[in-house]
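S.K.: Chains as they are written, first to last, in my numbering: chain A, 1 to 99; chain B, 1 to 159; chain C, 1 to 139; chain D, 1 to 121; chain E, 1 to 752; chain F, 1 to 498; chain G, 1 to 119. Note that CB positions come from ideal geometry on N, CA and C, so glycine has one too. This structure is a prediction, so every number in the text was calculated from the model and none was measured.
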Ligand code: NA
Ligand code: NA
């Protein structure tokens, strides 16, 4: 592995980790449920990228398998939480209507 | 796309996963794919369509072009201190009919920065799109219909 | 969930996840994967199905009660362990059959270990769906 | 040469990742933030993965990378759609600059979607 | 139990007769051993039982045990005969007979046992069976209370007794009683002698109701009268006395032995006779006289002289005969008139002549009139008292006072109801059926027979008993009605005078005693208070530790963890710690920080979604750790599980309310930090020394060649450690089935 | 040989699978009975083999120790498996009458057999991580059984039970990680020598960690809270099997680990255990004294009696270990039986709250007899099993001049008598407050047989142990010898090694 | 490296303990997830950390040249799945606690151990 690639990798890691940290800031700040979920979703995608970087860095394609799985199932959490938000709103309104 | 086609795709996917292109792999993939499809049978209606290879290729190319161009636009907005965005939620009438078509249209719209598919109405006739640079709603509607939706219809539903 | 997009997407994803899960299970002995990962992934497919189309549809698609799948999985895993008894080996001793083995190539391996992994797959798959379906229905 | 291409792709991907994350922080409302995260994140991810495909170069890795990217392209918009929908139906306050043309959209959506969900039980 | 004898005197059929037959057979069997024992021989029977603990089913018949055996089986026969009529037609007679017979057998076992542990087994069996018998009228609250009291007090003593026996066995190296006795005086010099003695006496004193443990005995009169006659005069209460007698050769002769037994015996004798006179209930009065007898017997056992031992043996027999007889008489009176109150009784002599004769004979023996055995017993008592090594005057005085009181009580119990006054109106008493007077008559007559022919008793039982007690033939003193004009005779006369005086004045005396005793703290009411206190303390303690609050439980558990680790750390000192930060990359640090940040967010947030998202962040952080440190399988699993966790929480949360704002709790925070710091510290210490990688190296070497797998982790899971994995999937199945069951029962539960 | 060891684990699992597949029909319960009986046969054979050949070990998957997972049976393991099988048979018969169809459909029999599998697995494994796995099998099955039926108080008890047991589980897991990190092995026989090379100070700390983790499972002071909070809430057959077996697995684990592995600083560790034993005895028995419900009383007594077993371990003399082993066996039989009897009382007298029931002595004398045996055995009356258990431990304590602890053991015995007679007086002697006469004949013939046969069987066992204690004492002695000198155990697992 | 993650684990444990002590079942669940993760990580770290060398045997080789310790990975994998099973049950139990006891504060749940023992 030559110096350029190594440097690029280091930059790549730095960027990805930085983006995760920034997403975390959004996650903390919210304010809405969706903001937090979007932040979490972004992190998932960032981990996929992270796996790609790790695969190169350590010369092990095995990490791409992690990315593969995550790419397929990662969004499920987003879907579940989005659905929660909707159903929750509906329930709250229904309860408010019943009161 | 009929069941057979879907099955072939799954078989190919299998080969892709295993990474070894061979007849045995293809057959195994076909069998396993068949099993999977059998399990999800209720989801698959009866449908027969041509595959329009050229339309597909065009779709792929155009999509990537759009993706990169509009990504840059959004990136620019993010990086510049003032927000140029004039976001809006826009209703777009849908011509695409098939499930696959709708999925493709909505996904591709979402993937191209600047537009985001929010929802499809229950009657499948209207698409709700969130656009970032929506100074002119009609222009956006038109570009979506003539661009992404057209390409998808050609690829998926074309005669 | 009454979303056209999700439903249509699920149509592809559920199948994809199932196929992918078999793949992950089968390759597990040599690459990352295995029964757990396979089972979890496969279950994810049906969880998505249940979220998108409701548990009734998902149950109908599955045809068999998920808890039955899980318990059969346990039975299969156990059977894979008990299989060694036929050869006078201890419980869970792997039994291997290499189809078409040659000097250089071990051929297509069939083994009780793979059966065991299938059992694991079914258990994880069935159990998660038992849980998720019941939760979806009761809550 | 492949290393240089890969390096460029990786750095580009990294930069896009940062830009996406920055958008997540900076943009004024949740829908706009989703623009940033969904597409730019996908793009960043795709670039980095493409970089790794270049490095490894072997066909099985390339197929795998393509699969990953395709999976993300398939799932990310669905997730975004679900989130977007929920933004509308839960009535999350949007940026003042929003110029939506549908007045009581959120009410309509709630009536249309969630009702059916709950009733289906 | 008011109003006449049972209509039918046929008793309880076979159920009633069988036990009588059994007891009679036993009596006959023991009687057949008399010649052997009279010839100062012993009979042994030894069956191995628990050889590994050296415990045997060893039985020994010598003078002491045969005397007891004959009393137990003989009186047992008569009591069972009596009971069959007394409780004729009682629906629970079968149980009664069973318990009584079981008790008798246990008692026989106790006196025959030649093994400490075997003895204890029977000891506890008598406690248990007597519990059942005292509580026989179980629907009455009083019966239940008194049964518990008896059980608790004797049970407590029994446990001390057990400790004593164990120490005794340890000190002597054997559980064989003969073996211990054969060791001679070695035990008395043993360092553990005193604790052993105290513990053994704790057992015997409670069982034999020595003051101040006496209070349970009168309360035990809640039992049917035949039970009282049997247990609380002739047998169970004498178990303690028996054990003291049995251990006499091995343990007596020390100052502790002497003074403890003398003081407890004397105090009990006097105190009990005063209390006896105070009673107006015939049965209660008799109960206290039993105490007096027990005190006296204990007093004798304190000594070593041949007089004392002879007096012990004689008085033991005398007392059993007259006391059982009198109890049975009281039972007759009770059934006949419906009362046991002295003030409500009179003139029964003409209506119940046979009973009256029995009562008279027994009472005369009890009062110590010649020519009854009681007289001989009393003479020996005085002789024995005067032979006491130190303070003979005090002992003799106590004996005199108690004997005189005894005489008065005999008058009150057995003379007045028959020979004074008239039958109160409203009563229509009858003579008891023969099954009920046979016992009293026989027992009372024996008192006279042995009084006139003391040699019979002397040769057959008293002498062998004394030999058992002292181990020497020469110590046996003559039993004789006329021993010449000596100090004991003078004391006897004094007893008569004083006793008659007491009798004449007993009503006034009773008043005085009443006043005196109300001033003395009453252990019986103390009992109820004790139980209340015990319950109160138990409740208080339980409220303290088991307060029903999960947070307290968790706090306690975590506190134990933190305190356990930190205090151990104080004890052991700091383990070796090596901190090597040279290989830490910024990546590692940022991942660690991200994980920590996620955990902290989960900690502080009041938003459920933020909480879940924070958990997601932690999950992602940990997955990144797994990725960076080469665990792709684990990372995949972690991410999949994390996703499912979020899905499940999202589903469940729909029905749950929002999180309330968390209040900061300093004690919780400190504890949390302590637990966290302990874990960190231990882990750092653990990783400070190199790891032995034998197992991993083996897996690496064999994974492919022998298990045909290239993914070592998977090979470990499905092959090397397949059993773990099997258990693990079982956990998953069970979790699913359990959760499913829990969810599905919701509806059912809610509908109720 | 290895199959002999594997079968006791395999049989309940197979039974569970079959019982689950037939859960909709009455067949399930008969499968459960048959499976338990088969387990009993297997465990008898195992016991016979261990008695004949000494410690036996089997390497699962044919991988040599310490690399694979080893199942080991020494006398202690064998007897624990045997007694588990006996309880399983008793409870599975009892369940025919006790468990309603609703619970059966939700998989009661499967959960029950899984629980048994977990318990047996824990007793028979020679691998620390595998022990954790069996603990989990047992734990999760117990979760399910505890709340099966879903009454609110079950849920309440379940919350506490689950919460506290999860803490223990996680501690155990952490402990395993740490111990592995120090020694590099998981095989318990291998650990016995591997720990010698580790930092002994650290080892003591980790030992304490294990002590706490197992202490929660064993329900010792001050970690027992979960037990009295929950054991009185589930179905009676469930609480019987819990009462008999679950805490004993914790005790077993303590006994195993603190004789085999953590024996490097007994002056410290076993002194702690001694304190724990004393406090557990006292606090438990006082807790019982404060209760007025039959099952709550019995629950607190479990705690109290765990103290006795810990006492045996703490003293660590041969006789003390004999006592602990004897106590363990005796307690399982007796305590399970008492809970089963409480179930009958509940059925015919309408409850277990002592003030609301009564009259059982008068109208259900058979039940009274059946109660007296285990109750007075528990209280330590001779010649019942409990007497010998207590005798051995008190003797062991006195032998080492442990006056105070012996005194505590005896005093606690007295308070145990108090509790048992409280039940006896209030549920049996006292008339029923509503004037009803609770009769066994109010049960159907089938129910009566299903409930009373196991109770009678266990009672007979109690009497047999009590009256013919020699073989049991001999057995306990041999078992204690194996525990105190684990050479045979280690050799059986690892083979002859330097 | 191990040092760094030992500290991380400590923080996770501390946060988890604090959450578990709070009188709220949902927070308890959060704590449970954290502490399970911490326990898994403990095993992983105690098995020592190795960068970039997954325990996979390359094609053609009989054994890996340098690989991370595989055993702890297998243990952690097992523990994760078991932890998930326990978590799933716990979350359902919390839900049931809410529906049948109408409370998420365990200290208010006093059915099994009532405040005042009935006379
Ligand atoms: Na050792
Ligand atoms: Na009552």
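#1: When you compare each of F/167, F/132, F/339 to residue 559 of chain E by their alpha carbons, which one comes out closest?
#2: Which of the three DSSP states, helix, strand or coil, is assigned to residue 345 of chain F?
#3: Where residue 102 of chain F and residue 234 of chain F are concerned, what is the direct C-alpha to C-alpha distance, given to the nearest angstrom?
#4: Report the neighbours of residue 156 of chain F on chain G: residues whose CB is nearer than 7 Å to its CB, in chain order.
#5: Using a C-beta to C-beta distance shorter than 8 Å, which residues of chain A count as neighbours of residue 24 of chain D?
#6: For residue 86 of chain B, name the three-state secondary structure that DSSP assigns.
#7: Just the C-alpha distance for residue 420 of chain F and residue 376 of chain F, rounded to the nearest angstrom, thanks.
#8: From residue 744 of chain E to residue 43 of chain C, what does the alpha carbon distance come to, in whole angstroms?
#9: Return no unless some Cβ of chain F is closer than 8 Å to the Cβ of residue 42 of chain G.
#10: Express the C-alpha separation of residue 50 of chain D and residue 20 of chain A in angstroms, rounding to a whole number.
#11: Where does the unbroken alpha helix (DSSP H) through residue 59 of chain F begin, and where does it stop?
#12: Write down every uninterrupted run of the alpha helix (DSSP H) in the stretch 445-528 of chain E whose length is 4 residues or greater and which is fully enclosed by it, in chain order.
#13: For residue 186 of chain B versus residue 15 of chain C, is the C-beta spacing smaller than 8 Å?
#14: What are the boundary residues of the alpha helix (DSSP H) that includes residue 116 of chain E?
#15: Under the assumption that residue 462 of chain F contacts residue 344 of chain F (Cβ atoms under 8 Å), give the Cβ distance between them as a whole number of angstroms.
#16: Can you list, in chain order, the residues of its chain whose CB lies under 6 Å from that of residue 439 of chain E, leaving out five sequence neighbours each side?
#17: Between the Cα of residue 133 of chain B and the Cα atoms of B/6, B/123, B/124, B/116, which residue gives the shortest distance?
#18: Taking the alpha carbon of residue 546 of chain E as the reference point, which residue from F/160, F/144, F/127, F/140 has its own alpha carbon closest?
#19: Hey, is residue 114 of chain B's beta-carbon within less than 8 Å of any beta-carbon in chain D?
#20: Strictly under 8 Å for the Cβ-Cβ distance: is residue 59 of chain F near chain C by that measure?
#21: Considering only their Cβ atoms, is the gap separating residue 4 of chain F from residue 39 of chain F smaller than 8 Å?
#22: What are the start and end residues of each continuous alpha helix (DSSP H) run of 4 or more residues lying completely inside the stretch 366-429 of chain E, in chain order?
#23: Can you tell me whether residue 103 of chain A is buried or exposed, with buried defined as 16 or more other CB within 10 angstroms of its CB?
#24: Which residues in chain F sit within 7 Å of residue 724 of chain E, going by Cβ to Cβ distance?
#25: Identify, in the order they occur along the chain, each residue of the same chain with its Cβ nearer than 6 Å to the Cβ of residue 144 of chain F, setting aside the five sequence neighbours on each side.
#26: Going by DSSP, what residue range makes up the beta strand (DSSP E) through residue 115 of chain B?
#27: Counting only beta-carbon separations shorter than 8 Å, does residue 55 of chain B have a partner in chain D?
#28: Counting only beta-carbon separations shorter than 8 Å, does residue 180 of chain E have a partner in chain G?
#29: Would you say residue 54 of chain C reaches chain B, if we count a Cβ-Cβ gap shorter than 8 Å as a contact?
#30: Going by CA-CA distance only, name the one from F/151, F/200, F/136 that's closest to residue 172 of chain F.
M.R.: From the atom records:
#1: From the listed residues F/167, F/132, F/339, the smallest Cα separation to residue 559 of chain E is found for F/167.
#2: Helix at residue 345 of chain F.
#3: Here the C-alpha atom of residue 102 of chain F lies approximately 14 Å from the C-alpha atom of residue 234 of chain F.
#4: Ordered by position in chain G, the residues that pass the 7 Å Cβ test against residue 156 of chain F are 101, 109, 111, 112.
#5: Here the neighbours are 22, 23, 26, 38, 39, 42.
#6: Reduced to three states, the DSSP call for residue 86 of chain B is strand.
#7: Straight-line Cα distance between these residues: approximately 7 Å.
#8: The alpha-carbon of residue 744 of chain E is positioned some 21 Å away from that of residue 43 of chain C.
#9: Yes, because at least one Cβ of chain F sits closer than 8 Å to the Cβ of residue 42 of chain G.
#10: Using only the alpha carbons, I get a separation of about 20 Å.
#11: Unbroken run through residue 59 of chain F is the beta strand (DSSP E), 56-59; no alpha helix (DSSP H).
#12: The qualifying runs are 454-457, 463-470, 487-504, 506-519.
#13: The displayed coordinates of chain B run from 1 to 159. Any statement about residue 186 of chain B would go beyond what the structure contains.
#14: First-last of the alpha helix (DSSP H) with residue 116 of chain E: 116-134.
#15: About 17 Å; that fails the 8 Å criterion.
#16: If we look at residue 439 of chain E and ignore the five residues flanking it on each side, its Cβ neighbours are 78, 82, 328.
#17: Check the Cα spacing between residue 133 of chain B and each of B/6, B/123, B/124, B/116: the tightest is with B/116.
#18: Among F/160, F/144, F/127, F/140, the Cα nearest to that of residue 546 of chain E belongs to F/160.
#19: Judged by the 8 Å Cβ criterion, residue 114 of chain B is in contact with chain D.
#20: Yes, its Cβ sits closer than 8 Å to a Cβ of chain C.
#21: Not a contact, by the Cβ cut-off of 8 Å.
#22: Annotation: the stretch 366-429 of chain E contains the following complete segments of the alpha helix (DSSP H) (minimum length 4 residues), in chain order: 373-386, 392-410, 416-419.
#23: The question about residue 103 of chain A has no answer, for chain A in this structure spans 1 to 99.
#24: Residues of chain F passing the Cβ test: 69, 129, 130, 133.
#25: Sequence-distant Cβ neighbours of residue 144 of chain F in its own chain, meaning closer than 6 Å and more than five residues away, are 111.
#26: Residues 115-120.
#27: Chain D has no Cβ within less than 8 Å of the Cβ of residue 55 of chain B.
#28: At least 8 Å separates the CB of residue 180 of chain E from every CB of chain G.
#29: No - not a single Cβ of chain B is within 8 Å of the one on residue 54 of chain C.
#30: Out of F/151, F/200, F/136, F/136 has the C-alpha closest to the C-alpha of residue 172 of chain F.
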